[in-house]
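A short worksheet on the structure shown next.
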Amino acid sequence: MNNFTYYNPVKIVFGKGMIAELNTLISSDVKVMLTFGGGSIKKNGVYEQVRAALAGHALIEFGGIEANPRYETCMKAAAQAKAEGVGFLLAVGGGSVLDATKFIAVAALYGKGDPWEIMEGRKPVQAALPLGSVLTLPATGSEMNTFAVISRDSTGEKLAFGSPHCYPKFSILDPEVTFSLPMRQVENGIIDTFAHVMEQYLCDEGSAPLTERMAEAVLKTLVEEAPKVKADPDDYAVRASLMWCATVGLNGSLGCGVAVQDWATHMIGHELTALYGIDHGRTLAVIMPAVHRHEIRRKQKRLAQYAARVWHITQGDAAARAAQAIDKTEAFFRSVGVPTRLGDYGISEAEAGQKVAERLAKRGVMIGEFGDLGPKEVREIVALAK
Ligand code: NZQ
Ligand code: ZN
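Under our numbering, the residues of the sequence shown are numbered 12 to 397, in order.
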């Protein structure tokens, strides 16, 4: 086990009817800015629940945050928050709204310069407005982590940052609000969660036995729940289970004691979203099996463990079990309803590989758990996603 420090201060308020708790979670002394997306919360009753819970609070709104939130939109919200003396940001939506709100929280208190410097890793985050969330889409784990992913129109970039200043003070997780999700978003959330766990779990380096078992528990739960949510989208127990999986998938607990993490799939996936507009979760379904096939030798031991513990594959040597496990993973993604090949999107793997490799190289980014995968390997990986 590697040394680690684990600190996660996010209060999770989970279950039916819990949006009413907002009243006690946010002080009535501060002005609140409610941030939201393209309007789903106004159609499914979430907006009314939030307004009712905060009836006694001074509240302003900023709506229209896009999926894959844009820097330009966040800067408008930050200017409004500053001008109106907002003291607390309440994000109500999916990962995009939560991520945008983290960036708004930083930008609203940013001194001189352009807060994009933070996305480029050129400046650390010094401060952020306090924020909380009402999560409506289980997928990213943003509700219980420090990360945010923001896209910038003028440069076509999609970059991530993280800071302990950006932990939500609380996140309300009411599984009932997920009933209104289009099935495509439910599918995206399952794949995103699965990928978050795998990025932390699937490296041969070192061992953290309990953390590995916890990761396998999330993976197994996803495998069990996915067909259930497809068969009966109105099953509360399944929705609740998926919601908690997504949060645990990326709240830091699955990184405890882990020697190295991968994140190659996410790095390539973000570029595919920036280039082709494919939903985040869907890019991962295309790229993750390709990364694992490319790296099968260096990940063989853990892949064989994953094969046995998640898929009950015990026949054959470690190499054969590892290969079967990758096939199983890809078949699982397809069973969820998500395409796993670039061809399914009419995208040429050679062109995509070239573009992704160039974009990462331009930023000097090397990927994989050892940071040794460069443009050549990126092209090879993308080629495997044909
Ligand atoms: O905008 P509205 O109208 O709210 O509609 C949204 C949006 O169109 C809709 N939706 C959300 N909750 C709903 C609902 N529709 C009906 N009923 C509900 N209850 O779903 C659509 C997609 O929402 P979005 O927030 O974009 O999806 P998701 O949660 O998958 O977030 C994706 C973003 O998170 C980033 C991704 O890169 C992407 O930008 N990520 C953030 C991470 C983090 N902060 O840790 C890690 C992830 O790996 C990921 O990169
Ligand atoms: Zn993700």
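All C-beta atoms in this analysis are idealised placements derived from N, C-alpha and C, irrespective of residue type, glycine included.
Quick caveat, the model's predicted, so the values are computed rather than measured.
*Is the Cβ-Cβ distance between LEU100 and THR112 less than 8 Å?*
By one-based count along the sequence shown, residue 100 stands at place 89. By one-based count along the sequence shown, residue 112 stands at place 101. Yes; because the gap between Cβ atoms is below 8 Å, this pair is in contact.
*asked:* Please list the terminal residues of the continuous beta strand (DSSP E) segment that includes SER174.
replied: Within the sequence shown, numbered from 1, the residue matching residue 174 stands at position 163. Counting along the chain, SER174 falls outside any beta strand (DSSP E), and DSSP gives it neither H nor E.
*Around the C-beta of LYS387, are 16 or more other C-beta atoms found within 10 angstroms, so that it is buried, or is it exposed?*
Translated into positions along the sequence shown, residue 387 becomes position 376. The residue in question, LYS387, is exposed, as its Cβ has fewer than 16 Cβ neighbours within 10 Å.
*Got a sec: does the ligand ZN put a non-hydrogen atom nearer than 7 Å to the Cβ of THR151?*
The count along the sequence shown starts at 1 and reaches residue 151 at position 140. Yes, the beta carbon of THR151 sits closer than 7 Å to at least one heavy atom of the ligand ZN.
*Per DSSP, PHE25 forms a beta bridge with which residues?*
What you label residue 25 is simply residue 14 of the sequence shown in a count that begins at 1. In DSSP, PHE25 forms a bridge with LEU184.
*Which value, in whole angstroms, describes the spacing of the CA atoms of ALA159 and LEU120?*
For this step, residue 159 is matched to residue 148 along the sequence shown. For this step, residue 120 is matched to residue 109 along the sequence shown. Whole-angstrom Cα-Cα distance: 17 Å.
*May I ask whether a heavy atom of the ligand NZQ can be found less than 7 Å away from the beta carbon of HIS207?*
Position 196 of the sequence shown holds residue 207. Under cutoff, so the answer is yes.
*For GLY152 versus LEU221, is the C-beta spacing smaller than 8 Å?*
Along the sequence shown, one-based indexing puts residue 152 at 141. Along the sequence shown, one-based indexing puts residue 221 at 210. No, these two residues do not count as a Cβ contact at 8 Å.
*Grab me the residues of ALA116's own chain with a C-beta within less than 6 Å of its C-beta, minus the 5 sequence neighbours each way, in chain order.*
Residue numbering aside, residue 116 sits at position 105 when the sequence shown is read from its first letter. So the list reads LEU100, ALA139, LEU140 and LEU142, once near-sequence residues are dropped.
*Just confirm the distance between the C-beta atoms of GLY48 and GLY105, as a whole number of angstroms; I'd bet it's less than 8 Å.*
Counting from one through the sequence shown, the residue named residue 48 turns up at place 37. Counting from one through the sequence shown, the residue named residue 105 turns up at place 94. So it is a contact: roughly 7 Å between Cβ atoms.
*Would you mind stating whether THR157 and CYS177 have Cβ atoms separated by less than 8 Å?*
Counting from one through the sequence shown, the residue named residue 157 turns up at place 146. Counting from one through the sequence shown, the residue named residue 177 turns up at place 166. Yes, the pair counts as a contact, with Cβ atoms nearer than the cut-off.
*Flag HIS281 as yes when its Cβ comes closer than 7 Å to any non-hydrogen atom of the ligand NZQ, and as no otherwise.*
On the sequence shown, residue 281 is found 270 positions in, with the first residue counted as 1. Answer for HIS281: yes, Cβ within range of the ligand NZQ.
*Less than 7 Å between the CB of ASP110 and some heavy atom of the ligand ZN, yes or no?*
As a working note, residue 110 is residue 99 in the sequence shown. No, Cβ of ASP110 sits at least 7 Å from all heavy atoms of the ligand ZN.
*Taking the alpha helix (DSSP H) that PHE343 falls in, what are its first and last residues?*
On the sequence shown, position 332 is the one that residue 343 refers to. Note, PHE343: alpha helix (DSSP H), 329 to 347.
*asked:* Can you list, in chain order, the residues of its chain with a C-beta nearer than 7 Å to that of ALA368? Leave out the 5 residues immediately preceding and following it.
replied: Locating residue 368 in the sequence shown gives position 357, counting from the first residue. Hits under 7 Å: PRO386, VAL389 and ARG390.
*Helix, strand or coil: how does DSSP classify ILE161 here?*
For the purposes of this step, residue 161 is taken as the residue at position 150 of the sequence shown. In this structure, ILE161 counts as strand in the three-state DSSP scheme.
*Quick one: grab the DSSP three-state call for ILE378.*
For this step, residue 378 is matched to residue 367 along the sequence shown. Three-state DSSP puts ILE378 in a strand.
*Compute the Euclidean distance between the alpha carbons of ALA219 and GLN272, then round it to the nearest angstrom.*
Mapped onto the sequence shown, residue 219 falls at position 208. Mapped onto the sequence shown, residue 272 falls at position 261. Computed Cα separation, rounded: 12 Å.
*Apart from the five residues on each side of it in sequence, which residues of its chain come closer than 6 Å, Cβ to Cβ, to THR294?*
For the purposes of this step, residue 294 is taken as residue 283 along the sequence shown, with counting starting at 1. Excluding sequence neighbours, THR294 sits near GLY280, LEU283 and THR284.
*Smallest Cα separation from PRO350: which of LYS397, GLU362, LYS312 and MET377?*
Here the question's residue 350 lines up with position 339 in the sequence shown. For PRO350, the nearest C-alpha among the options comes from LYS397.
*Specify the secondary structure class of VAL43 as computed by DSSP and reduced to three states.*
Position 32 of the sequence shown, counted from the first residue, corresponds to residue 43. Strand at VAL43.
*Please specify which runs of the alpha helix (DSSP H), each continuous and at least 4 residues long, are wholly inside the stretch 199 to 261, giving them in chain order.*
220 to 242 and 247 to 260
*Please go through the same chain and pick out, in chain order, the residues whose beta-carbon is closer than 7 Å to the beta-carbon of ARG352, but skip the five residues on each side of it.*
Taking the sequence shown and counting its residues from 1, the one referred to as residue 352 is at position 341. The answer, listed in chain order, is VAL297, ALA396 and LYS397.
*Closer than 7 Å: is that where the CB of PHE25 sits relative to any heavy atom of the ligand NZQ?*
Taking the first residue of the sequence shown as position 1, residue 25 is located at position 14. The answer is no for PHE25.
*asked:* Quick check on PHE73: does DSSP put it in helix, strand or coil?
replied: Counting from 1 along the sequence shown, the entry for residue 73 is found at position 62. In this structure, PHE73 counts as strand in the three-state DSSP scheme.
*Taking 8 Å as the cut-off, decide whether the C-beta atoms of ALA319 and ARG332 are in contact.*
One-based indexing of the sequence shown puts residue 319 at position 308. One-based indexing of the sequence shown puts residue 332 at position 321. For ALA319 and ARG332, yes; Cβs fall inside 8 Å.
_Contact between the stretch 204 to 215 and the stretch 223 to 237 is defined here as three or more beta-carbon pairs at a separation below 8 Å; is this criterion met?_
yes
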